[in-house]
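S.K.:
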Ligand code: HEA
Ligand code: HEA
Ligand code: CUA
Ligand SMILES: [Cu+2]
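Quick look at the structure:
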């Protein structure tokens, strides 16, 4: 039933919330920073070892995703913040990934 | 009134503007209503210019092998016609409605970022003027509104550089205003207005802003690539260096198709808003209509290659995109049928807005059906790039969009200007326009199927296309007459004394009608509390136990403030006027000329914009009181 | 309201008129009429068009008829001032009219998809292979089969007119040529996107630089079929026309034999003088052979239209088929000032004297 | 109703501040912008250039790795600035902001140096598709970093002039979001452009 509510209800406005959730401590930030540095070092290391593309590319991909997530979730505190921010961002991210993957597939960019 | 008095000097150089009336106030205003009006006026002016270009096109095509204009001029005309109508008329006209109405419909005092709003408008206007300055600086864009590379990158005239730069500039305007309006709808609703009490027009506005946020960056990159190919000889679309022109097509239509829903969803919103008023029934299946709007927006991102069926993407792609395209008919059909159900059993009062709305639905369906015929890929091989396509999109954009805009104009005119447009003239205009419109674009279906390609400045007599072309030309001049009737109507109306006999002339349903006409600068003396969808209607009427409607006795309605806009609202601090948005905007076209002519000009433009932005950032949004 | 009632009564009349208009649609005298298909591809496309069209007409009648009916039935009457029943929605109905169009769409898509794949099939063995080259702004055709080589060991090449045998598949490779003419940016023939379209034989296929698209078509009856570039390709896109001439087998063979011969050397003195000008340069120093090929002479440039058999009767039209080849005045006008006659044409204006023009025209008309 | 309306940031329908919502929407939009640029690079990567250098000819991975570290480090200093701002420690906040800006400048400086070197080795925007896509992608990123630096310096300046609002952590957080975004874009670019070898790079 889609009868519209005619009974007055209370104000919809959510109670004022802090603009951001709890933030990690500076120490935790530094720890994340160290992890990021290590991951980057690993990435760079792949440049010096001779592995086949079949292993190299997924490895690099995983490392990059890890770094990406660390920055987004901690430094940009999406992990602690309101879910709705994450939803917007993921819309853009997933949208971009899907659309451009389709375009690249149409070009046969991964078949060669 | 905003109680702003002697201003603090901003950045110590320029005095803060304070005037809220007079010519200068229009340059510095941050009031969404004034900005909305400016958007509307500018967009309408561009409509006249784009229409004038169309009239020249039709004059040239009135017979075989005429030479009203030559090939070169013709190519500039249709390109500028398309670009103008899409980017400088329909999009900003939608922005005009959104700007004016969204804050009023959700019970807000302004948009989320009033100065950003002013910035958006100025950037759009200056971007449009920048584009038009090309006529005097070596030739207007001439590669078609979708500027296919490498024709657009190799054309020796300067036109397509103006195209890229001009659209980049207006794109900045749209992006800024999209973020602004999206945040406004999400965040600035009056107490009690849950998402499913948001008026349907505002809902469609929200969907449009999201489409813009996600599609504009794509065209931005494409335009930069086009510009760099032209200006700095990069190789993005240059086949001689391995570049692929098809990349441009994907990028353009990845934006371009969502764009067509950006053009039509505002119209759907207007239709859904007005139809119930004159049917005296609520919108049938409000939630379904909302969801179908979202679905259209979403699916709209997955159909772009239907503009490229003949490009040789192969049968897999053509199958996939053919099917996804046809699927759009489903959510669109939901809207149409829900509108019909709204009318069904209603008490249809054919006042002028209703005429336009019903006309819009009927004309849009014709265009929608030819759209579905395009999705039938093998027949589209015959139709693509012919006048059949031209017919399709004018039926949807003009038939659906522009008719709906006129509906919106006559409907909200009293709200915005405090004067009723003449019903008689509005109706006369409608009938002339309806006949002229069908006479113009109906024959184009036939022309296309009989082999008339689009973007053709001439056609030989032997093709046998003369008769229908003549009809189309006659029709287009009829449309011009209709537009003149509208202009006359406006002029006559503005001469009448201000004031409405009835503050609620249409027996309307949504929140913007709870305030005075025109609304005070602060919109509402008191921010309304919302109890229902169609809040205003529910303040006027209740349904009794047997589902019958009875009018609420005057004065008995909860929250209903009979003294509208009665000059209270003192201590309401509205954002103060500012000229920094204008300054920041002026830098952009200057940068545009810089790209074409000299690094120094480019740097100067950048400097102006940066200064504008600093002035803006350093100035408090509300001037302090002395 | 009265006028509305009159409108409804004139509906049947409107339908009859519409039917008449539709039957006039398939007029084969309109040279680019897609409703008068003359080959299997265009016919399949038209055969798919019509059922979809009638479905659309059905939807049209339901929706528009419904709206008009409601506009009359539920219009406000002066004597009524009560509210209609306030119906907010009905989920079952709404789901219904979500599903129904989906079903219609599904039905339409079945033949659509099958024809997509049908048309994507390459031509069978025995097809005639031709490469169609889009230039700014004219078409060239190169016959790439081994048995289509000329006596001077070049493929047969024509301009403006594609000559094909009746009843045989023609497999076209579509290529955007260009970049062959030197000179400034105004002069260059850029490789841009064109689209190959012969409405009575087949729908369009784009010609994309850097790719080779394919199109298979066939003519069932002898005749001339008009075509034209359908993708905007610059200044003279509108006048980038061409024709397909379908010949019965015997005539086709005669045509091929003639094409294989080198250009005739004229005997008429006027034409000889023209040939001399053509091969050795005109008074202003212009060199026709910088761009044009005439088989069997030293003129061999592929930059402009091949003129070897310029006056062959199948070469019905020239310069993007704006003019009939038999139109002597037009040909003279063309040579007098090509960039004016066809604004922006890539053929330069050499300020030929009237005398030279006469000679050149005589030469060109001798090239049968 | 006498409420002072301009304190709207904290009384929105959703309870989320307008500016932050707008920032995330903007960043979502930027995903599609950089996505398009990266896709163009991926589309044309490894295409045998007719002319000019290939990635393998010009890339200096150790050098660029240092740049990547620098930019990552700047993300860390950025959050430290935010952390300080939240503790109302204006001095440390300015210090970390300045450090972040410095690191950003080192990065941009490094990019300028890299571009110059590549240019001298014959890689220009118009020589081949690698040059075209590489310069445009990394150039766009560089411009983003530069804008970020300007915003960081402005924050420092405003803080010194006492023109930051009472809740100084908020603008720092906003600029930080932008800054981190630019950093994650580089994470992707570094991997896709520099580390994954192209066909010709072996
Ligand atoms: C306002 C803008 C607008 C809108 C809303 C649409 C709507 C649609 N468009 Fe259109 N289109 C354009 C603007 C628009 N278009 C423009 C500008 C171009 C040309 C660009 C250029 O080349 O310059 C174009 C071109 C275009 C093409 C490319 C043609 C070509 O170049 O070859 C195609 C192909 O599929 C297409 C399809 C559709 C479809 C399926 C819809 C659908 O959304 C329509 C859906 C609506 C209905 C179907 C009617 C209502 C539904 C019912 C009553 C339900 C029952 C119906 C059925 C069961 C069928 N459009
Ligand atoms: C919103 C979109 C929109 C609108 C409203 C229109 C409106 C009109 N369009 Fe247009 N059209 C496009 C969008 C639109 N068009 C696009 C995108 C293209 C494709 C371009 C391309 O191929 O790149 C196109 C292409 C196009 C063509 C094809 C050109 C070609 O391919 O060669 C034609 C041909 O007839 C045409 C005609 C018209 C006509 C007669 C109108 C009329 O309805 C116009 C009505 C308006 C008026 C008549 C104005 C009234 C003016 C006066 C009364 C004068 C008064 C003046 C002063 C006071 C200063 N349009
Ligand atoms: Cu070639 Cu149009
Ligand atoms: Cu589309």
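Residue numbers (this note's numbering), protein chains in the order written: chain A, 13 to 124; chain B, 1147 to 1772; chain C, 334 to 701; chain D, 4 to 205.
No residue lacks a Cβ here, since even glycine has one placed at the ideal position from N, Cα and C.
The alpha helix (DSSP H) that contains residue 1440 of chain B, what's its start and end?
M.R.: Position 294 of the second chain, counting from 1, holds the residue named residue 1440 of chain B. Element bounds for residue 1440 of chain B: 1432–1445.
S.K.: Can you pull the chain A neighbours of residue 1534 of chain B, defined as C-beta to C-beta under 8 Å?
M.R.: For the purposes of this step, residue 1534 of chain B is taken as residue 388 along the second chain, with counting starting at 1. Ordered by position in chain A, no residue passes the 8 Å Cβ test against residue 1534 of chain B, which lies about 26 Å from the chain.
S.K.: Can you pull every residue whose C-beta falls closer than 7 Å to some heavy atom of ligand 4, listed in chain order?
M.R.: B:1399, B:1402, B:1403, B:1406, B:1449, B:1450, B:1452 and B:1453
S.K.: Just confirm the distance between the C-beta atoms of residue 72 of chain D and residue 52 of chain A, as a whole number of angstroms; I'd bet it's less than 8 Å.
M.R.: Along the fourth chain, one-based indexing puts residue 72 of chain D at 69. Along the first chain, one-based indexing puts residue 52 of chain A at 40. That belief holds up - the Cβ atoms of residue 72 of chain D and residue 52 of chain A are roughly 6 Å apart, short of 8 Å.
S.K.: Judging by CA-CA distance, which residue of D:61, D:126 and D:141 is the nearest neighbour of residue 186 of chain D?
M.R.: One-based indexing of the fourth chain puts residue 186 of chain D at position 183. The candidate whose alpha carbon is nearest that of residue 186 of chain D is D:141.
S.K.: Which residues in chain B sit within 7 Å of residue 408 of chain C, going by Cβ to Cβ distance?
M.R.: The sequence position of residue 408 of chain C within the third chain is 75, counting from 1. The contacting residues are 1494 and 1496.
S.K.: Could you check how far apart the C-beta atoms of residue 484 of chain C and residue 599 of chain C are, in whole angstroms? I think they sit under 8 Å.
M.R.: Locating residue 484 of chain C in the third chain gives position 151, where the first residue counts as 1. Locating residue 599 of chain C in the third chain gives position 266, where the first residue counts as 1. Not a contact, Cβ separation roughly 19 Å.
S.K.: I'd like to know whether the C-beta atoms of residue 198 of chain D and residue 60 of chain A end up nearer to each other than 8 Å.
M.R.: Taking the first residue of the fourth chain as position 1, residue 198 of chain D is located at position 195. Taking the first residue of the first chain as position 1, residue 60 of chain A is located at position 48. With a cutoff of 8 Å on beta-carbon distance, residue 198 of chain D and residue 60 of chain A are scored as not near each other.
S.K.: Can you tell me which residues form a DSSP beta bridge with residue 560 of chain C?
M.R.: Working through the third chain from its first residue, we reach residue 560 of chain C at position 227. Paired residues: C:575.
S.K.: Determine whether the Cβ of residue 108 of chain A lies closer than 8 Å to any Cβ atom of chain D.
M.R.: To locate residue 108 of chain A, count along the first chain from 1; it is residue 96. Interface residue, yes.
S.K.: What residues in the stretch 1678–1699 of chain B have a beta carbon less than 8 Å from any beta carbon of chain C?
M.R.: 1687, 1689, 1693, 1694 and 1695
S.K.: Return the residues of the stretch 536–547 of chain C that lie within a Cβ-Cβ distance of less than 7 Å from chain G, sorted by chain order.
M.R.: This model lacks chain G altogether, as its protein chains are A, B, C and D.
S.K.: For residue 147 of chain D versus residue 78 of chain D, is the C-beta distance shorter than 8 Å?
M.R.: The residue you call residue 147 of chain D lines up with position 144 of the fourth chain. The residue you call residue 78 of chain D lines up with position 75 of the fourth chain. No; because the gap between Cβ atoms is not below 8 Å, this pair is not in contact.
S.K.: For residue 40 of chain D, which residues in chain A fall below 7 Å Cβ to Cβ?
M.R.: The residue given as residue 40 of chain D occupies position 37 in the fourth chain. What residue 40 of chain D touches in chain A: nothing, since even the nearest Cβ is about 10 Å away.
S.K.: Can you check which of these residues, B:1343, B:1465 and B:1278, is closest to residue 118 of chain A by C-alpha distance?
M.R.: In the first chain, counting from the first residue as 1, residue 118 of chain A sits at position 106. Looking at the Cα atoms, B:1465 is the closest of the given residues.
S.K.: Check whether chain D comes within 8 Å of residue 87 of chain A, counting only Cβ atoms and requiring the distance to be less than that.
M.R.: Stepping through the first chain from its first residue, residue 87 of chain A is reached at position 75. Yes, its Cβ sits closer than 8 Å to a Cβ of chain D.
S.K.: Who are the near neighbours of residue 1107 of chain B in its chain, counting only those whose CB is closer than 6 Å to its CB and skipping five residues on each side?
M.R.: This structure cannot speak to residue 1107 of chain B, because chain B is shown only from 1147 to 1772.
S.K.: For residue 654 of chain C, is the beta carbon positioned less than 7 Å from some heavy atom of ligand 3?
M.R.: Working through the third chain from its first residue, we reach residue 654 of chain C at position 321. Checking the Cβ of residue 654 of chain C against ligand 3 gives no.
S.K.: Taking only heavy atoms of ligand 1 into account, decide whether any of them is closer than 7 Å to the Cβ of residue 434 of chain C.
M.R.: Counting from 1 along the third chain, the entry for residue 434 of chain C is found at position 101. Yes.
S.K.: Within a Cβ cutoff of 7 Å, which residues of the same chain sit near residue 751 of chain C, ignoring the five residues on either side of it in sequence?
M.R.: This structure gives no information on residue 751 of chain C, because the portion of chain C shown stretches from 334 to 701.
S.K.: State the Cα-Cα distance for the pair residue 100 of chain A and residue 1348 of chain B, rounded to the nearest angstrom.
M.R.: One-based indexing of the first chain puts residue 100 of chain A at position 88. One-based indexing of the second chain puts residue 1348 of chain B at position 202. Rounded to the nearest angstrom, the two C-alpha atoms are 19 Å apart.
S.K.: Give me the Cα-Cα distance between residue 322 of chain C and residue 389 of chain C, rounded to the nearest whole angstrom.
M.R.: Residue 322 of chain C falls outside the range modelled here, since chain C spans only 334 to 701, and no answer is possible.
S.K.: Should residue 1121 of chain B and residue 1234 of chain B be called a contact, given that it needs their Cβ atoms to be closer than 8 Å?
M.R.: Since the first and last residues shown for chain B are 1147 and 1772, residue 1121 of chain B lies out of range.
S.K.: Alpha carbon to alpha carbon, how far is residue 1423 of chain B from residue 1648 of chain B? Give it in angstroms, no decimals.
M.R.: The count along the second chain starts at 1 and reaches residue 1648 of chain B at position 502. The count along the second chain starts at 1 and reaches residue 1423 of chain B at position 277. Cα to Cα, the separation comes out at about 16 Å.
S.K.: Does the contact criterion of 3 or more C-beta pairs under 8 Å hold for the stretch 620–628 of chain C versus the stretch 574–582 of chain C?
M.R.: no
S.K.: Quick check: does the Cβ of residue 1298 of chain B come within less than 7 Å of any heavy atom belonging to ligand 5?
M.R.: Ligands present in the displayed structure are limited to ligand 1, ligand 2, ligand 3 and ligand 4, and ligand 5 is not among them.
S.K.: For the 8 Å Cβ check, are there 3 or more pairs between the stretch 1626–1636 of chain B and the stretch 1567–1587 of chain B?
M.R.: yes
S.K.: Please say whether residue 1541 of chain B and residue 1587 of chain B have beta carbons closer to each other than 8 Å?
M.R.: In the second chain, counting from the first residue as 1, residue 1587 of chain B sits at position 441. In the second chain, counting from the first residue as 1, residue 1541 of chain B sits at position 395. Yes, they are a contact pair.
S.K.: Return the Cβ separation of residue 657 of chain C and residue 649 of chain C in integer angstroms, given the expectation that the two are a contact with Cβ distance under 8 Å.
M.R.: Reading the third chain from its first residue, position 324 is the one you call residue 657 of chain C. Reading the third chain from its first residue, position 316 is the one you call residue 649 of chain C. Confirmed, Cβ separation roughly 6 Å.
S.K.: If the cut is a Cβ gap below 9 Å, which residues of chain B does residue 181 of chain D touch?
M.R.: Looking up residue 181 of chain D in the fourth chain gives position 178. Result: empty, since nearest Cβ-Cβ is about 13 Å, beyond 9 Å.
S.K.: Looking at ligand 2, does it come within less than 7 Å of residue 526 of chain C, judged from the CB to the closest heavy atom?
M.R.: In the third chain, counting from the first residue as 1, residue 526 of chain C sits at position 193. Judged by the Cβ position, residue 526 of chain C fails to qualify as a neighbour of ligand 2 at the 7 Å threshold, every heavy atom of the ligand being at least this far.
S.K.: Who pairs with residue 504 of chain C in a beta bridge, going by DSSP?
M.R.: Mapped onto the third chain, residue 504 of chain C falls at position 171. Paired residues: C:462 and C:549.
S.K.: Going along the chain, which residues of the stretch 1376–1403 of chain B sit with their C-beta nearer than 9 Å to a C-beta in chain D?
M.R.: The residues in question are 1378, 1379, 1380, 1381, 1382, 1384, 1386, 1387, 1388, 1389, 1390, 1393, 1397 and 1400.
S.K.: Should residue 1300 of chain B go down as buried or exposed, given a rule of 16 or more other Cβ atoms within 10 Å for buried?
M.R.: Working through the second chain from its first residue, we reach residue 1300 of chain B at position 154. With 16 or more other Cβ atoms within 10 Å, it is buried.
S.K.: Which of the residues in the stretch 1348–1377 of chain B, read from start to end, lie with their CB under 7 Å from any CB of chain A?
M.R.: 1360
S.K.: Note down the Cα distance separating residue 1332 of chain B from residue 16 of chain D, rounded to an integer number of angstroms.
M.R.: Looking up residue 1332 of chain B in the second chain gives position 186. Looking up residue 16 of chain D in the fourth chain gives position 13. Near 7 Å, if we compare the C-alpha coordinates of residue 16 of chain D and residue 1332 of chain B.
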